[in-house]
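Reviewing the structure listed below.
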Amino acid sequence: MSHRALVTKAVWSAVYLLFILAPLLALLAGTLPPSRDVWTEFSVALGYSGLAMMGLQFGLTARFRYVTDPWGEDVIYHFHRRVSLIAVGLVVAHPLILLAAGSEKLAPPDALRDVPLGAVFAVLSLGSLILLVAMALWRTHLKISYETWHATHIVLAVVAVAGGVLHMVGWGFYLADPLKRALWIGLAVFWIGLLLYVRIVKPLFMLRRPYRVSALRAERGDSLTLVMRPDGHAGFRFRPDQFGWLTLWGSPFRITGHPFSFSSSAEAPDGHVEMTIRSLGDFTSAIGQVPVGRRVYLDGPYGAFTIGNPTDMHVLIAGGIGITPMMSMIRTLADRGDRRPVVLLYGSKDWESVTFREELEALQARLDLRVVHVLTQPPPGWTGEQGRITADVFKRHLPPRYADHEYFICGPDVMMDAIEAALGEMQVPLSRYHSERYSFV
Ligand SMILES: Cc1cc2nc3c(=O)[nH]c(=O)nc-3n(C[C@H](O)[C@H](O)[C@H](O)COP(=O)(O)OP(=O)(O)OC[C@H]3O[C@@H](n4cnc5c(N)ncnc54)[C@H](O)[C@@H]3O)c2cc1C
1 MSHRALVTKA VWSAVYLLFI LAPLLALLAG TLPPSRDVWT EFSVALGYSG
51 LAMMGLQFGL TARFRYVTDP WGEDVIYHFH RRVSLIAVGL VVAHPLILLA
101 AGSEKLAPPD ALRDVPLGAV FAVLSLGSLI LLVAMALWRT HLKISYETWH
151 ATHIVLAVVA VAGGVLHMVG WGFYLADPLK RALWIGLAVF WIGLLLYVRI
201 VKPLFMLRRP YRVSALRAER GDSLTLVMRP DGHAGFRFRP DQFGWLTLWG
251 SPFRITGHPF SFSSSAEAPD GHVEMTIRSL GDFTSAIGQV PVGRRVYLDG
301 PYGAFTIGNP TDMHVLIAGG IGITPMMSMI RTLADRGDRR PVVLLYGSKD
351 WESVTFREEL EALQARLDLR VVHVLTQPPP GWTGEQGRIT ADVFKRHLPP
401 RYADHEYFIC GPDVMMDAIE AALGEMQVPL SRYHSERYSF V
């Protein structure tokens, strides 16, 4: 990892901690109300910490390129999921500790109208949080579509955070001081402002920079390539292997865009971009119905998974549709006349479904590329590699001093886990391999 990337990571980590800790420390500044018993104070500290962490989730998912680039979007989403669980754990622990300590604050009131507003907001916030976590963890079991889940997730997150802040303001204790109250209300406005930025400001920019579908190409392996050209603007520059969020139907204000890697060369002179999409679900199986000339929207480019480091050899490892970022890399290297050796280890089901098979064959004449196909269902008489890509396959096709090469991996999660483990066994340091996961959720 470059020195610059390390510094950027350190700076953003410090900013993250500052945003979480500063509002908590601010509560302790100035005059404080008389302290309560230790369990009450402890549980309140947990509640505030949990809320500060939850609020910042809006920042993690706001797709700020400068923030996400040093890590990669998949790592940020992974962090988002993990931190959310911790934050929710802290928030839920707050009333549980009060309950266990027998706090009179949780004693049921005589009449419903006696319930303080602060408590109503607490129930609203907690209820939304529990629902949000249950839906995030068991979305597929509950058979909730990705789009419904995504919209509900956003609404529940806003209700949970707004409810939490209103609960604190309503309770008054630490926020009785107008300055501290203003700070926390300001923070809540900032968090929700991040969401409005992603959902309103960004789409407005995208609306002014549309693309048009100029061709649709059928590919092997139940896939289609969508060729898109900038409509009335110069388009964006992307690095090979980056990805964009595609909105095909409707406006960019639609909640759910779908992420796809760019499969075309980053050197295209006219700003056109291509995405190669395998039919897997509702959205991807409707790609074939997209008429040529249709206006579409692209939010991008994103992703830290990219070539460029000087190295003696690039080793690209693709499984199934994970070939798309590798294709972008190979096409770009060919367009740049880059003669560094590239080995592509490419796992597919069978010979007929090898996406980009013929083009890869042809590209071997334009750059120092060797393609090793690994088939799980090889045809009769197949003499090449079969089964899965394992450490043995690496050893048969790569020159030793494995730690000197740069590895790029993209494919199904199980395959990526296995390959990362194999590279570990081969003493390849973490800094030498780069993974792109196709599952953010
Ligand atoms: C960084 C990245 C790059 C990708 N590049 C490619 C590519 O080049 N080619 C390709 O064919 N596929 C790619 N994918 C996968 C592609 O985004 C999903 O297959 C597609 O969004 C599934 O949508 P669907 O409605 O057809 O399927 P569904 O059956 O609705 O979804 C299948 C699964 O895909 C995930 N998913 C669905 N919608 C979204 C969404 N909007 N955002 C995030 N995840 C979602 C969910 O886990 C869902 O369970 C990429 C994914 C990521 C994260």
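No gaps in the numbering here: position 237 of the sequence shown is 237 in full-length UniProt numbering, and each next residue is one more. Yeah, the Cβ is synthetic: ideal placement off N, Cα and C, and Gly gets one too.
heavy atom of ligand 1 below 6 Å from Thr284 C-beta
yes
Please report how far the alpha carbon of Ser145 lies from the alpha carbon of Arg278, in whole angstroms.
18 Å
If you draw a straight line from the alpha carbon of Ser214 to that of Pro399, how long is it in whole angstroms?
42 Å
Spell out a yes or no on whether the stretch 112–119 and the stretch 52–60 are touching, meaning 3 or more CB-CB pairs, one atom from each, closer than 8 Å.
no
Give me, in chain order, the residues of the same chain whose beta-carbon lies closer than 8 Å to that of Pro378; leave out the 5 immediate sequence neighbours on both sides.
Asp350, Trp351, Gly384 and Gln386
Contiguous beta strand (DSSP E) assignments of at least 3 residues, all confined to the stretch 346–377:
369–375
Just to confirm, does Ile192 get its C-beta within under 6 Å of one of the non-hydrogen atoms of ligand 1?
no
Leaving aside the five residues before and after Leu156 along the sequence, list all residues of the same chain whose C-beta is less than 7 Å from its C-beta, in chain order.
Ser128, Leu131 and Leu132
I need the straight-line Cα distance from Leu375 to Pro95, nearest angstrom please.
55 Å
Take Arg370 and list the residues in its own chain whose beta-carbon comes closer than 8 Å to its own, dropping the five residues that flank it on each side.
Pro341, Val342, Val343, Leu344, Gln364 and His397
In terms of DSSP beta bridges, what is Tyr302 paired with?
Phe243
According to DSSP, is Pro230 helix, strand or coil?
strand
Pop quiz: Arg388 and Ala418 are said to be a contact at Cβ under 8 Å. What is the actual Cβ separation, rounded to whole angstroms?
7 Å
Just checking Ile255 against ligand 3 - is the residue's beta carbon closer than 6 Å to any of the ligand's heavy atoms?
Ligand 3 is not part of the structure shown, which contains ligand 1 as its ligands.
Nonlocal neighbours in the same chain, by C-beta distance under 6 Å from Gly164, ignoring five residues either side
Leu51 and Ser125
So, are the CB atoms of Glu267 and Thr225 less than 7 Å apart?
no
Bridge partner(s) assigned by DSSP for Met275:
Leu226
N- and C-terminal bounds of the alpha helix (DSSP H) containing His141
His141 -> no alpha helix (DSSP H), and no H or E assigned at all.
With a threshold of 6 Å (Cβ to nearest heavy atom), would Thr324 be considered close to ligand 1?
yes
Checking 7 Å against the spacing of the C-beta atoms, do Arg357 and Ala334 come in under that value?
no
I want to check one thing, is the minimum distance from the CB of Ser265 to the heavy atoms of ligand 1 below 6 Å?
no
Give the straight-line distance between the Cα atoms of Ala403 and Glu425, rounded to the nearest whole angstrom.
11 Å
Please indicate yes or no: does the CB of Ser353 lie closer than 6 Å to some heavy atom of ligand 1?
no
Please report how far the alpha carbon of Ile97 lies from the alpha carbon of Ile287, in whole angstroms.
52 Å
Taking 8 Å as the limit between beta carbons, can you name the residues of its chain near Leu183, skipping five residues before and five after?
Pro23 and Ala26
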